[in-house]
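First up is the structure itself, then whatever we jot down about it.
There are 2 protein chains.
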Amino acid sequence: MASDRLYFTANEYADRIQAIQKRMNDHGIEVLCMTAPENIFYATGYDGWSFYTHQMAIISLDQKEPIWIGREMDIACAVETTRMPEKDLIGYSDDYVDSTEKHAMEFIAQELTKRGWGSKKIGVESENYFFTARCAEKLTQSLPNATFIDATNLVNWVRLVKSPQEIQYMREAALLADAAMKAGIDAMEPGTRECDVAAAILAAQVKGVGDVFGDPATEILAMPVGQEVNCPHLAWTGRPLANSTPINLELGGVRRRYNSGISRSTHLGKAPDSLKSLASATLEALEVTLDAIKPGLLAEDVFHIYNGALEKYGQHKPSRTGYAIGIGYPPVWIERTVSFFPGDKTVLTENMTFHIMCGMWRDEDGFVESETFRLTDSGVEVFTQYPRGLTEKA
Amino acid sequence: MASDRLYFTANEYADRIQAIQKRMNDHGIEVLCMTAPENIFYATGYDGWSFYTHQMAIISLDQKEPIWIGREMDIACAVETTRMPEKDLIGYSDDYVDSTEKHAMEFIAQELTKRGWGSKKIGVESENYFFTARCAEKLTQSLPNATFIDATNLVNWVRLVKSPQEIQYMREAALLADAAMKAGIDAMEPGTRECDVAAAILAAQVKGVGDVFGDPATEILAMPVGQEVNCPHLAWTGRPLANSTPINLELGGVRRRYNSGISRSTHLGKAPDSLKSLASATLEALEVTLDAIKPGLLAEDVFHIYNGALEKYGQHKPSRTGYAIGIGYPPVWIERTVSFFPGDKTVLTENMTFHIMCGMWRDEDGFVESETFRLTDSGVEVFTQYPRGLTEKA
Chain A
940 MASDRLYFTA
950 NEYADRIQAI
960 QKRMNDHGIE
970 VLCMTAPENI
980 FYATGYDGWS
990 FYTHQMAIIS
1000 LDQKEPIWIG
1010 REMDIACAVE
1020 TTRMPEKDLI
1030 GYSDDYVDST
1040 EKHAMEFIAQ
1050 ELTKRGWGSK
1060 KIGVESENYF
1070 FTARCAEKLT
1080 QSLPNATFID
1090 ATNLVNWVRL
1100 VKSPQEIQYM
1110 REAALLADAA
1120 MKAGIDAMEP
1130 GTRECDVAAA
1140 ILAAQVKGVG
1150 DVFGDPATEI
1160 LAMPVGQEVN
1170 CPHLAWTGRP
1180 LANSTPINLE
1190 LGGVRRRYNS
1200 GISRSTHLGK
1210 APDSLKSLAS
1220 ATLEALEVTL
1230 DAIKPGLLAE
1240 DVFHIYNGAL
1250 EKYGQHKPSR
1260 TGYAIGIGYP
1270 PVWIERTVSF
1280 FPGDKTVLTE
1290 NMTFHIMCGM
1300 WRDEDGFVES
1310 ETFRLTDSGV
1320 EVFTQYPRGL
1330 TEKA
Chain B
940 MASDRLYFTA
950 NEYADRIQAI
960 QKRMNDHGIE
970 VLCMTAPENI
980 FYATGYDGWS
990 FYTHQMAIIS
1000 LDQKEPIWIG
1010 REMDIACAVE
1020 TTRMPEKDLI
1030 GYSDDYVDST
1040 EKHAMEFIAQ
1050 ELTKRGWGSK
1060 KIGVESENYF
1070 FTARCAEKLT
1080 QSLPNATFID
1090 ATNLVNWVRL
1100 VKSPQEIQYM
1110 REAALLADAA
1120 MKAGIDAMEP
1130 GTRECDVAAA
1140 ILAAQVKGVG
1150 DVFGDPATEI
1160 LAMPVGQEVN
1170 CPHLAWTGRP
1180 LANSTPINLE
1190 LGGVRRRYNS
1200 GISRSTHLGK
1210 APDSLKSLAS
1220 ATLEALEVTL
1230 DAIKPGLLAE
1240 DVFHIYNGAL
1250 EKYGQHKPSR
1260 TGYAIGIGYP
1270 PVWIERTVSF
1280 FPGDKTVLTE
1290 NMTFHIMCGM
1300 WRDEDGFVES
1310 ETFRLTDSGV
1320 EVFTQYPRGL
1330 TEKA
C-alpha cells in the first residue's frame, strides 16, 4: 500500500464498519453488497477509477473485515489504496467485461456462496448507478435461496454526520473550490474564450493551495454564459466572452474524495437592474437562512425559511434549497439522504454537512449562489469563503 | 436554441432516428426508453449535465420525433442543445428528486400512458448506469400492461459505424488528446508535483488547438507513478516526481462529446532495461496489429494478432486489446458493443472506430500504449499522433 493514499486511520475504518453493521442489523440485513463507489470508498478506502466495470465491497455481520470483488487488473488499485489483505481482494477475468454471455454478478454470486452467504438476507443498493436493472436480475437469479432487501442509502445515512478528519477534508475541499472560483472569475475578460476560463478553473482545482492539492473533479463545471444562464447544467463552449454578459459558475473542490461546492454569478460590464435585484434578494435570503440554521431544525425548514425570505421580493425557488454533501465520484457529490425540501423531516444535528443551493433560474436570466457548510453545536460553519454576491467586472 | 450547440444537421438526426426505428422493429420493440446519456445525445443532441437525476428520451415507431422527459429545471438545457419543440420536452417537479415516496419512473410511466404507449412492447436499457434496479421495478410496476424487452446497447450498435461528421469530431478529439499528452509529458520534471502535471493536462484538454476547444472530460486522467504503474486506474497525488521514476498516462480528448483516447509511458531518468524491453515488444506488437487490421477481420482476431506478436517476447495481455469508442459521458467512453477479445465475432467494417489498448501491467512495472483509429476501406487511419513508445526524459 502507498501510505499517502490512506486517508484515515485503521481505527476510523473499524468504526465505520461497526456503524454500518449496526444499521444492517437494524434493517435485518446479514450481508451488505455495496456498489456505490462512494460507499465502497467509505468502508474500505478503495479509490481506483474502475467503477465503470462491475465491482462490489461486501460487509457481513459474521466478520469484521469487508471483502472487495472487481476486475482482476484493479486488484492492484486496491492494494495501493486500502489496508485490505490480498486474500480479501477477489478479481474476475476479462471474459466478464461487457460480455453478453457472462455477467460479473454471476461471479460475485459464486463468491458469496463460497463464503456461506448464498442463502442469507442480502442488502443491495437498488437505486444506485452501479447496480443496474440487469445486475439485480443476474444476482437474484444466481442466488435463489437468498432473501434480498433494499439497502439503498443505508451507508449514505451512516455517512451523514462527519468525523473531525472528514470535516478537515471538506474545509480543504472548500479552499480548493474558493481558489478555483477566483481563478475563473479572474480569467473572465471580454474576448477571452469560455474554454480558457474553464481551463483556468480546472487547473486551479487540482494545483490547489500550498500543500492542499485537489483530486479529480466529481461534477463537471457548470458554466452557462449569456442567454444560457437560465440553464443550471450546461458546460462551456469556445465562444469569446462578449463585452457585456452574465456568466454563472457552479464548481467544487475535491480533497480525498470529499467535496465542497460553490456557485457564483459574474457579469462582465454593468449588470442590468433586474439581475442586480435578483442577486440582492437571493443574497439576503441566503444570509437569513444561514443565520437561522442550527441543530434541531428540520431539513424542510430550510426550504421554508429561504423561500419565506424571498417572498417580499416576489421570488420563489421551487427546486430544493440544498442537500447533504460529502464523498463523491462522478457524476455526483450529492449524498442522496437529506434534501432541503418540503416533507423532509430529518432533524439537523452537529457535523452534518450541506450544500445550500440558491440557484434562481428565470426565463430571462439566472443568478446562482451556493455554499458548503457544517452544522456546529449552535449554528453553522461555512467552509466556502469566496466573497458573496454578484461580481460586476467593469 | 444556441446554434453553436447543434453539432449535426437536422438530416443526420432524422437518419439516426430512422436507423434506430429499423433496429427497434427488428427486435419487436414499439417504444424505446433510452436512459444512457450517450444514446440520448445521439438521438436528440441533448447535452445537459443532468443525467445524475432520472431522465429519458423516448422513440416510438408511431412518430418521427423523440420526446425527452427530465427534471423541470433542465428543460432549459434541452432548449439550448436540441432542435426539439418545447411540446416534446416534459419536466417533472423536484418532489421526484431523491424522494423515497415518489419515483421519476412513475411520472414517466404516466407520460407513456398518456401517449397510448402504456401497453406496448417497450425496450429498456437494463445494463446501463442510469436505469437502476429500482428504475426497472418502478417502471414495470407502473405499466402492468406493457411488455418489456431488453434493449441494452440497441442504440450503441447503431452508433458503431460513424458518419463523416462524427469521424471529423473524433479526429479533432485526437488533436486534443495529443496536445494534452504533450502538455503532460512536457511538464514532467524531477521535483514537479504530480498534480501540477495533471493540471497542465486538464487545461490543455479544454484549451485545445486553435479553434478546436475541448469539452468536459469523459474519463478521469489515469496517472499512476513509480511503484504504482502496475495499476491501470489510479489518479494523481501531490507527490513531487522523483529523479528517476516511471509515469503512465491514459487520457482522452473530447470534441462534441466524441472521444479519442491515448496512452503513453514516460520515464524520468534512464529507464531500466526490463521496462525498455517491455516497451519495444509492446510497440512492435501494436504496429504488427495495426498493419493487419482491415475490413473483414473479426474483433477477436485483433486480440490474437496482438498476443501472437508478443509471444516471442514471452509476454501476454490477458485483458481485452481494445474496444469500440465514440460518444462518452462520465464515467466511460467505451461503446459496450465490440471488444477485441476471444469470442467476439463482430466483422470489422469501414468507419468503425476503436481504442486499441496495449496496457501491459506486471507485478513489478507497467507500460501503456494506446491509440484511437478508424477502419478505412483497406486498413486503418490512426487519429492519435503523439510519438509512440517510451519517452525517456534524461
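Protein chains in written order, with the working numbering: chain A, 940 to 1333; chain B, 940 to 1333. Heads up, the beta-carbon is just placed ideally off N, CA and C, and yes, glycines get one too. Quick caveat, the model's predicted, so the values are computed rather than measured.
Query: Would you mind sorting glutamate 1250(B) into buried or exposed? The rule is 16 or more other CB atoms within 10 Å of its CB.; Result: exposed
Query: Could you tell me which chain A residues have their CB closer than 8 angstroms to the CB of cysteine 1134(B), listed as they occur along the chain?; Result: Val1145, Lys1146, Gly1147, Phe1152 and Gly1153
Query: Relative to chain B, which residues along the region 1245-1260 of chain A have a C-beta separation below 8 angstroms, given in chain order?; Result: Pro1257, Ser1258 and Arg1259
Query: For glutamine 1002(B), count neighbouring Cβ atoms within 10 angstroms of its own Cβ and tell me buried if that reaches 16, exposed if not.; Result: exposed
Query: Does the beta carbon of tyrosine 1068(B) come closer than 7 angstroms to any beta carbon on chain A?; Result: yes
Query: For a cutoff of 7 angstroms on Cβ pairs, would you count aspartate 1033(B) as touching chain A?; Result: yes
Query: Between the region 1129-1142 of chain B and the region 1112-1119 of chain A, do three or more beta carbon pairs fall short of 8 angstroms?; Result: no
Query: With 7 angstroms set as the bound, which would you pick, yes or no: does the beta-carbon of proline 1270(A) sit closer than that to a beta-carbon of chain C?; Result: The chain inventory of the structure shown lacks chain C, comprising the protein chains A and B.
Query: Can you look up glycine 1147(B) in the DSSP assignment and give me helix, strand or coil?; Result: coil
Query: Can you name the start and end residues of the alpha helix (DSSP H) that proline 1185(A) belongs to?; Result: Taken as a continuous stretch (DSSP letters only), proline 1185(A) belongs to no alpha helix (DSSP H), being part of the beta strand (DSSP E) at 1184-1194.
Query: Flag this pair as touching only if the region 1171-1178 of chain A and the region 980-998 of chain B have three or more C-beta atom pairs under 8 angstroms; answer yes or no.; Result: yes
Query: Does any residue of chain A have a CB that is nearer than 7 angstroms to the CB of methionine 1127(B)?; Result: no
Query: If you run the structure through DSSP and keep just helix, strand and coil, what is arginine 1301(A)?; Result: coil
Query: For the beta strand (DSSP E) containing asparagine 1290(B), list its first residue and its last residue.; Result: Looking at the DSSP string, asparagine 1290(B) is not in any beta strand (DSSP E), and its letter there is neither H nor E.
Query: Within its chain, find whatever has a CB closer than 6 angstroms to the CB of phenylalanine 1306(A); leave out the 5 residues flanking it on each side and keep chain order.; Result: Ser1204, Leu1217, Ala1218, Thr1221 and Met1299
Query: Using C-beta distances below 7 angstroms, list every residue in its chain close to glycine 1328(A), excluding the 5 sequence neighbours before and after it, in chain order.; Result: Ala1218 and Leu1222
Query: Roughly how many whole angstroms lie between the Cα atoms of glycine 1055(B) and glutamate 1320(B)?; Result: 47 angstroms
Query: Cysteine 1170(B) by DSSP, collapsed to three states: which one?; Result: coil
Query: What residue range does the beta strand (DSSP E) around leucine 1314(B) cover?; Result: 1309-1314
Query: Distance check for glutamate 1331(B) and alanine 1181(B), CA to CA, integer angstroms please.; Result: 14 angstroms
Query: For aspartate 1089(A), tell me which candidate among Glu1111(A), Ala1075(A) and Gly1165(A) has the shortest Cα-Cα distance.; Result: Ala1075(A)
Query: Does the pairing of the region 1036-1046 of chain B with the region 1093-1102 of chain A give three or more beta-carbon distances under 8 angstroms?; Result: no
Query: With 16 as the cutoff for other CB atoms within 10 Å, does glycine 1235(B) come out buried or exposed?; Result: exposed
Query: Can you look up tryptophan 1096(A) in the DSSP assignment and give me helix, strand or coil?; Result: helix
Query: Step through the CB atoms of chain B and report whether any lies within less than 7 angstroms of the CB of aspartate 1037(A).; Result: yes
Query: Give a yes or no on contact between the region 1099-1109 of chain A and the region 1282-1302 of chain A, applying the rule of three or more CB pairs nearer than 8 angstroms.; Result: yes
Query: Can you find a CB in chain A that lies within less than 7 angstroms of the CB of tyrosine 946(B)?; Result: no
Query: Which residues in the same chain as arginine 1194(A) place their Cβ atom closer than 7 angstroms to its Cβ, once the five residues preceding and following it in sequence are excluded?; Result: Tyr1108, Glu1111, Ala1112, Leu1115, Val1151, Gly1153 and Asp1154
Query: Could you tell me the distance, in whole angstroms, from the CA atom of glycine 1208(B) to the CA atom of threonine 1184(B)?; Result: 7 angstroms
Query: CA-CA distance, glycine 1149(B) and alanine 1122(B)?; Result: 15 angstroms
Query: By the three-class DSSP mapping on this structure, what secondary structure does arginine 1327(A) have?; Result: coil
Query: Got a sec? Which residues, its chain only, sit under 6 angstroms from glutamine 1254(A) by beta carbon, not counting five neighbours each side?; Result: Ala1220
Query: So for lysine 1060(A), helix, strand or coil by DSSP?; Result: strand
Query: To the nearest angstrom, how far is the alpha carbon of threonine 974(A) from that of histidine 993(A)?; Result: 8 angstroms
Query: Can you tell me whether tyrosine 1197(A) is helix, strand or coil according to DSSP?; Result: strand
Query: Answer with buried or exposed for glutamine 957(B), where buried requires no fewer than 16 other C-beta atoms within 10 angstroms of its C-beta.; Result: exposed
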